[in-house]
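Below is one structure, written out as structure tokens; comments come after it.
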Amino acid sequence: MEPSKWIDVTVEKNHYSLDHFVIPTHYEKDVSSILIPHGVIMDRVDKLARMIVDEATGPLVVCCILKGGHQYFADLVNSIKKLTTKAGTSVPLSLEFIRVKSYRNDQSEGVTISLTENECRDFEGKNLLIVEDIIDTGATMVKLLERLSQYQPKSVKVTSLLVKKTPKSNGYIPDYVGFAIPDEFVVGYALDYNEYFRDLDHICVISEHGKKAYAV
Ligand code: 5GP
């Protein structure tokens with residue numbers, strides 16, 4: 676993938692100071708910097724929607740990966756609905772919700788996917804657009820794509836708002852990426868840490884204080 680297909684925010688000197696934007700007071704000590712302000716996220720989502728509509732060849736089944744993907748999914752669907760293809764036609768959308776849970780032990784990784792056989796059979800012959808919040812190692816997405824391919828969809832495309840640049844990556848890169856981020860734990864815009872920070876609009880790097888404050 677050529678670099679221009681995403682916005683690279685991995686360079687630390689480009690992170691925003693907490694003084695430059697409004698942060699909920701209850702999180703002031705819990706994040707160390709603002710990586711992507713909310714306004715920039717929204718503008719990028721509009722561009723990703725434009726790219727998706729430009730390449731759409733028919734109706735899309737837009738699949739939200741819960742829970743972290745829900746904010747990106749909602750904003751992306753809203754943006755796609757306002758757009759038309761180059762031929763001047765709108766793209767018919769249907770919406771699907773998939774709960775995916777990843778867990779990590781020392782070396783092994785596992786993924787549970789909440790999809791019944793009946794739901795999967797509905798994907799046959801459809802154009803699927805998978806909407807994820809973040810690709811870290813890529814393990815979750817590779818497992819999900821393996822499972823979905825068994826049900827013969829016509830096409831499967833993946834968009835992730837964030838891709839983490841990490842040595843643990845399995846090399847998987849989605850079709851549409853918002854931002855490449857550094858190998859840090861990020862929160863906000865529905866990305867949580869033990870269910871906290873979903874009420875933070877900017878994407879921020881969690882601080883050591885935040886990790887301790889919300890540890891379980
Ligand atoms: P992967 O299977 O690609 O390693 O992990 C994907 C999942 O891990 C994401 O869907 C997300 O739930 C979680 N994850 C990975 N990195 C982060 C992060 O920096 N912040 C948050 N909030 N979740 C993350």
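Our numbering puts the sequence shown at residues 676 to 891. Cβ atoms here follow ideal geometry from the backbone N, Cα and C, with glycine treated the same way.
Can you tell me whether DSSP reads residue i as helix, strand or coil?
{"i": "Leu-693", "result": "helix"}
{"i": "Ala-724", "result": "helix"}
{"i": "Ala-731", "result": "coil"}
{"i": "Arg-774", "result": "strand"}
{"i": "Ala-888", "result": "helix"}
{"i": "Gly-846", "result": "coil"}
{"i": "Asp-781", "result": "With a pLDDT of only 38 at Asp-781, under 50, the local geometry of the prediction cannot be trusted, and no value is derived from it."}
{"i": "Ile-698", "result": "coil"}
{"i": "Tyr-868", "result": "strand"}
{"i": "Asp-874", "result": "coil"}
{"i": "Lys-704", "result": "coil"}
{"i": "Lys-756", "result": "helix"}
{"i": "Lys-839", "result": "strand"}
{"i": "Glu-792", "result": "helix"}
The ligand MN heavy atoms versus the CB of residue i: any closer than 8 Å?
{"i": "Asn-753", "result": "No copy of the ligand MN occurs in the structure displayed; its ligands are the ligand 5GP alone."}
Candidates the options: which alpha carbon is nearest residue i's?
{"i": "Val-880", "options": "Ser-679, Trp-681, Pro-712", "result": "Pro-712"}
{"i": "Val-831", "options": "Asp-683, Val-817, Val-838", "result": "Val-817"}
{"i": "Asn-845", "options": "Val-838, Gly-813, Pro-828, Leu-866", "result": "Gly-813"}
{"i": "Pro-767", "options": "Val-737, Glu-794, Lys-680", "result": "Val-737"}
{"i": "Lys-886", "options": "Leu-804, Val-706, Glu-821", "result": "Val-706"}
{"i": "Lys-722", "options": "Asp-694, His-695, Ser-708, Asn-753", "result": "Asn-753"}
{"i": "Val-833", "options": "Cys-739, Ala-762, Pro-734, Leu-710", "result": "Cys-739"}
{"i": "Leu-875", "options": "Gly-763, Leu-693, Gln-825", "result": "Leu-693"}
{"i": "Thr-841", "options": "Pro-857, Tyr-826, Tyr-847, Ala-890", "result": "Pro-857"}
{"i": "Asp-750", "options": "Trp-681, Ser-835, Thr-764", "result": "Ser-835"}
{"i": "Thr-732", "options": "Tyr-871, Cys-795, Asn-802", "result": "Asn-802"}
{"i": "Ser-765", "options": "Glu-799, Ala-724, Gly-800, Asn-793", "result": "Ala-724"}
{"i": "Lys-843", "options": "Phe-748, Leu-823, Thr-815", "result": "Thr-815"}
{"i": "Glu-687", "options": "Ile-698, Leu-710, Pro-828", "result": "Leu-710"}
{"i": "Lys-680", "options": "Ser-824, Cys-795, Glu-799, Ile-848", "result": "Ile-848"}
{"i": "Phe-798", "options": "Leu-820, Leu-819, Gln-827", "result": "Gln-827"}
{"i": "Pro-734", "options": "Val-720, Ala-888, Ser-769", "result": "Ser-769"}
{"i": "Leu-804", "options": "Arg-796, Asn-689, Ala-762, Leu-820", "result": "Leu-820"}
{"i": "His-690", "options": "Arg-873, Ile-878, Val-891", "result": "Ile-878"}
Sort out for me which residues DSSP pairs residue i with in a bridge.
{"i": "Asp-683", "result": "Ala-855"}
{"i": "Cys-879", "result": "Ile-709, Val-862"}
{"i": "Val-833", "result": "Ile-805"}
{"i": "Lys-912", "result": "Since the displayed the chain opens at 676 and closes at 891, residue 912 lies outside it and no answer follows."}
{"i": "Ser-769", "result": "Val-736"}
{"i": "Val-817", "result": "None, per the DSSP bridge assignment."}
{"i": "Ile-716", "result": "None; Ile-716 has no bridge partner."}
{"i": "Thr-787", "result": "Lys-776"}
Using a Cβ-Cβ distance cut-off of 9 Å, determine whether residue i contacts chain B.
{"i": "Glu-794", "result": "This model lacks chain B altogether; it includes just one protein chain."}
Quiz item: Should the region 736-747 be called in touch with the region 802-809, which here means at least 3 C-beta pairs below 8 Å?
Solution: Touching, yes.
Exercise. Decide yes or no for the touch test of the region 767-775 against the region 785-800: beta carbon pairs closer than 8 Å, at least 3 of them.
Key: Touching, yes.
Self-check item: Inter-stretch contact (C-beta, 8 Å, three-pair minimum) for the region 706-723 and the region 838-854
Solution: With the rule of 3 Cβ pairs closer than 8 Å, the region 706-723 counts as touching the region 838-854.
Exercise. Evaluate contact between the region 859-877 and the region 691-710, counting only Cβ atoms and requiring at least three cross-stretch pairs below 8 Å.
Key: Counting Cβ pairs under 8 Å, three or more are found: they touch.
Quiz item: Are the region 724-738 and the region 748-760 in contact at 8 Å, needing three or more beta carbon pairs?
Solution: The region 748-760 and the region 724-738 touch, with three or more beta-carbon pairs separated by less than 8 Å.
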